[in-house]
Amino acid sequence: MAHGNWDNLIEQCKICNVCDLASTRTNVVVGVGNPKSEVMFVGEGPGEQEDLKGEPFVGRSGRLLDKMLAAVGLSRKHNIYIANIVKCRPPNNRDPLPAEQEACINWLRAQTALIRPKIIVCLGRVAACRIISPDFKVTKQHGQFIKKGETLMMGTFHPAALLRNPNQKPQAFADFLELRNKINDICTRTELIYEDV
Ligand code: SF4
């Protein structure tokens, strides 16, 4: 990957004001992780903590995500990249509007074009509906891998939803185990690393 392209993308995204969310954000939350990863996670958008810190999935749901990742050898520090459909926080944590998603999706497209992940995992309904299929039902279709172009895609529960409905955690964890199997099958550069979080 040409670093210039990646650095340029980050720099430009951080000053984007293409949609109205620019006026209420604290930070643009571009993404976090290793841009050379073969596995990419996509959520819907920053919440309050993410907006303040400028990093996706921090706070309680981020800690849960990090624990689930660590259990299958994945970590934002080493071997995955995490981004969102919209890079600026929708006020009061509402879902990003279709127009906001449309305005922001080109940033995600640019990130994906540079990273070229083999697997994309959508965290929650908004991301799965936008990326996998508009009628995606997380409770019914979670954990199923679907090939789109050269990329395998899978939708699973959003960690914030798991905090609200802890009874869904075993299903989500099973999805992460399936993900690990898939990584072992098709990824050639992803070293799984088991460390405490
Ligand atoms: S949400 Fe996306 S399109 Fe809108 S201002 Fe932020 S970075 Fe730009």
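Add 18 to a position in the sequence shown, counting from 1, and you land on the number used in this note's numbering.
For glycine and all other residues, C-beta sits at the position ideal for the given N, C-alpha and C.
**Message:** Can you confirm whether the segment 45-65 touches the segment 90-110 when touching is taken to mean that 3 or more C-beta pairs between the two stretches lie within less than 8 Å?
**Reply:** Yes: at least three Cβ pairs fall under 8 Å.
**Prompt:** CB-CB under 7 Å to L82, same chain, minus the five flanking residues each way: which ones, in chain order?
**Reply:** Contacts found: P177, L180 and L181.
**Request:** Return the CA-CA distance between A88 and E213, expressed in angstroms with no decimal places.
**Result:** Rounded to whole angstroms, A88 to E213 spans 7 Å at the Cα level.
**Message:** So, does the segment 34-44 touch the segment 117-129, judging by three or more C-beta pairs under 8 Å?
**Reply:** Taking 8 Å as the limit for Cβ pairs, the verdict is that the segment 117-129 does touch the segment 34-44.
**Message:** Rounding to the nearest angstrom, what Cα-Cα distance links N23 and F175 in this structure?
**Reply:** Straight through space, the alpha carbons of F175 and N23 are spaced by roughly 32 Å.
**Prompt:** Should W125 be listed as close to ligand 1, given that the test is whether its C-beta is under 8 Å from any heavy atom?
**Reply:** Yes, the beta carbon of W125 sits closer than 8 Å to at least one heavy atom of ligand 1.
**Message:** If you reduce the DSSP assignment to three classes, tell me which class G61 lands in.
**Reply:** Of the three classes helix, strand and coil, the one that applies to G61 here is strand, per DSSP.
**Asked** Around the Cβ of H21, are there at least 16 other Cβ atoms within 10 angstroms (buried) or fewer (exposed)?
**Response** Under this definition H21 is an exposed residue.
**Asked** From A192, A145 and A121, pick the residue whose C-alpha is nearest to that of M171; which is it?
**Response** The option with the nearest alpha carbon to M171 is A145.
**Prompt:** Do you know whose CA, among G80, E209, T169 and R148, lies nearest A117's CA?
**Reply:** The shortest C-alpha separation from A117 is found at R148.
**Request:** Confirm the yes/no value for this check: CB of V50, any heavy atom of ligand 1, distance under 8 Å.
**Result:** Incorrect: V50 has no Cβ contact closer than 8 Å to ligand 1.
**Message:** Could you check whether the Cβ of A40 sits closer than 8 Å to any heavy atom belonging to ligand 1?
**Reply:** The nearest non-hydrogen atom of ligand 1 is less than 8 Å from the C-beta of A40.
**Request:** Please list, in chain order, all residues of the same chain as E196 whose beta carbon is under 7 Å from its beta carbon, the five residues on each side excluded.
**Result:** Once the five neighbours on either side are set aside, the close Cβ partners of E196 are G161.
**Request:** Please determine, among M58, V47, T42 and V46, the residue with the shortest C-alpha to C-alpha distance to R198.
**Result:** Among M58, V47, T42 and V46, the Cα nearest to that of R198 is on M58.
**Prompt:** Helix or strand or just coil, what does DSSP make of I150?
**Reply:** Looking at I150 - three-state DSSP - the assignment turns out to be coil, as it is neither helix nor strand.
**Message:** To test your reading of the DSSP string, which unbroken alpha helix (DSSP H) runs of 4 or more residues are found completely within the segment 95-140?
**Reply:** The qualifying runs are 116-133.
**Request:** Keeping to the same chain, check which residues put their C-beta closer than 8 Å to that of D38; ignore five residues upstream and five downstream.
**Result:** If you ignore the 5 residues before and after D38, its C-beta comes within less than 8 Å of the C-beta of E118, all in its own chain and listed in chain order.
**Request:** Give a yes or no on whether the minimum CB-CB distance between L70 and chain B is below 9 Å.
**Result:** You won't find chain B in this structure, because it holds only one protein chain.
**Item:** Helix, strand or coil at L170 according to DSSP, with G and I counted as helix
**Value:** If DSSP states are grouped into helix, strand and coil, L170 belongs with the strands.
**Prompt:** alpha helix (DSSP H) containing R78: first to last residue?
**Reply:** G77 to A89 is the span of the alpha helix (DSSP H), which, as asked, contains R78.
**Item:** Cβ pair N102, G61 closer than 9 Å
**Value:** Against a cut-off of 9 Å, the Cβ pair of G61 and N102 comes out as a contact.
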